[in-house]
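Peer 1: Got a structure for you, written out below as structure tokens; questions coming shortly.
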Amino acid sequence: GRVLAARCDARGLRFVVSAGGTREPIDPVRYIGNRSSGKQGVAVAVAAADRGAEVTLVVAHADEATLALAAAHPRIGVHRADTAAELSETLRGLAPAADVIVMAAAVADYRVAEASDRKLTKETSNGVPPAITLVENEDILAGLVERRAEGQMVVGFAAETPEAGESLAERGVRKRRRKGVDLLAVNEVGWSTGFEQVDNALTIIDARDEVVASVAGTKREVADALVDAVLAIR
Ligand code: CTP
Ligand code: CA
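In structure tokens:
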């Protein structure tokens, strides 16, 4: 619920937050996508804006009702992106002016090498399922870390399926090092965990490879914990 005296501890900070899932076209009617609803990323944008930050939200494909609420916020501006390449270009333009970049978007690791201008049909494939050749997309987060401005903070997200013999935090620490981010927010996903849910659970790892927070709650509560972690190291 709403608090009477709102916290304004993020006032003066400019956030750029990406959210939602990219879509990589196969042909004019089909794409490769993912199950991201964008709800967690949008919740981070709203939490930061409610706490006084100026927020630019870059949204790929996301739940439109959730997005509409964020778009109505006086301190949130919204940009749209379809593919990973578009998301990259938009973020590249916005990044230099950001104090904090939060990369919550689910970016496709691969795109179709050559999307067909015409719809693939069964008639032309003659009973042989078409082979789709994939090529790797640019790692947007790695690029942002590489070009980060002085004093700028970069936060990554990771959705992980648990594996035997390794904790979520251990996997997160490896990914945080690989990405070189200041904070990595790790959440567990499965067939029925994480996606499109109201609630979420995050383990937040900092640049010293320490778990600074382990939170479960609504996506907004989890978002506030992430904003707390950002403010704590600024
Ligand atoms: N990310 C990105 N560009 C990509 C892929 C991922 O910017 N091409 C970002 C995501 O937005 C997220 C972070 O990197 O903030 C981690 O994404 P994840 O998919 O967990 O990492 P990957 O390096 O792609 O590793 P994996 O093989 O586990 O998918
Ligand atoms: Ca990935």
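In case it helps, full-length UniProt numbering puts the sequence shown at residues 170 to 403. C-beta atoms are modelled at their ideal positions from N, C-alpha and C, and glycine is treated no differently.
Please determine, among 201, 227, 273, the residue with the shortest C-alpha to C-alpha distance to residue 391.
Peer 2: Working through the sequence shown from its first residue, we reach residue 391 at position 222. Per the Cα distances, 273.
Peer 1: Does DSSP put residue 351 in a helix, in a strand, or in coil?
Peer 2: Counted from its first residue, the sequence shown places residue 351 at position 182. DSSP places residue 351 in coil when its eight states are reduced to three.
Peer 1: Three-state secondary structure (DSSP) at residue 251?
Peer 2: Within the sequence shown, residue 251 is the residue found at index 82, counting from 1. Three-state DSSP puts residue 251 in coil, outside helix and strand.
Peer 1: Should the region 281-295 be called in touch with the region 255-266, which here means at least 3 C-beta pairs below 8 Å?
Peer 2: No: the two stretches stay apart, fewer than three of their Cβ pairs being nearer than 8 Å.
Peer 1: Let me check one thing: in DSSP terms, what residues is residue 325 bridge-paired to?
Peer 2: Counting from one through the sequence shown, the residue named residue 325 turns up at place 156. Beta-bridge pairing links residue 325 to 272, 353.
Peer 1: Taking just the CA atoms, how far does residue 330 sit from residue 270?
Peer 2: Walking along the sequence shown from the start, residue 270 turns up at place 101. Walking along the sequence shown from the start, residue 330 turns up at place 161. C-alpha separation (whole angstroms): 25 Å.
Peer 1: Exposed or buried, what is residue 340 when buried is set at 16 or more other beta-carbons lying within 10 Å of its beta-carbon?
Peer 2: In the sequence shown, counting from the first residue as 1, residue 340 sits at position 171. Residue 340 should be labelled buried.
Peer 1: Rounded to whole angstroms, what's the CA-CA distance from residue 230 to residue 248? Just pull it up for me.
Peer 2: Stepping through the sequence shown from its first residue, residue 230 is reached at position 61. Stepping through the sequence shown from its first residue, residue 248 is reached at position 79. Each residue's Cα considered, the two are about 11 Å apart.
Peer 1: Can you tell me where the beta strand (DSSP E) holding residue 199 begins and where it ends?
Peer 2: Here residue 199 is taken as the residue at index 30 of the sequence shown, counted from 1. Counting along the chain, the beta strand (DSSP E) containing residue 199 begins and ends at 199-201.
Peer 1: Quick one: measure Cβ to Cβ for residue 375 and residue 352, integer angstroms, because I've assumed they're closer than 8 Å.
Peer 2: What you label residue 375 is simply residue 206 of the sequence shown in a count that begins at 1. What you label residue 352 is simply residue 183 of the sequence shown in a count that begins at 1. Confirmed, Cβ separation roughly 6 Å.
Peer 1: Which one or two residues does DSSP pair with residue 385 in a beta bridge?
Peer 2: Within the sequence shown, the letter at position 216 stands for residue 385. DSSP, once it has assigned bridges, lists 370 as partnering residue 385.
Peer 1: Take the Cβ of residue 309 as the centre, count every other Cβ of all protein chains shown within 10 Å, and call the residue buried at 16 or more, exposed below.
Peer 2: By one-based count along the sequence shown, residue 309 stands at place 140. With 16 or more Cβ atoms within 10 Å of its Cβ, residue 309 is classed as buried.
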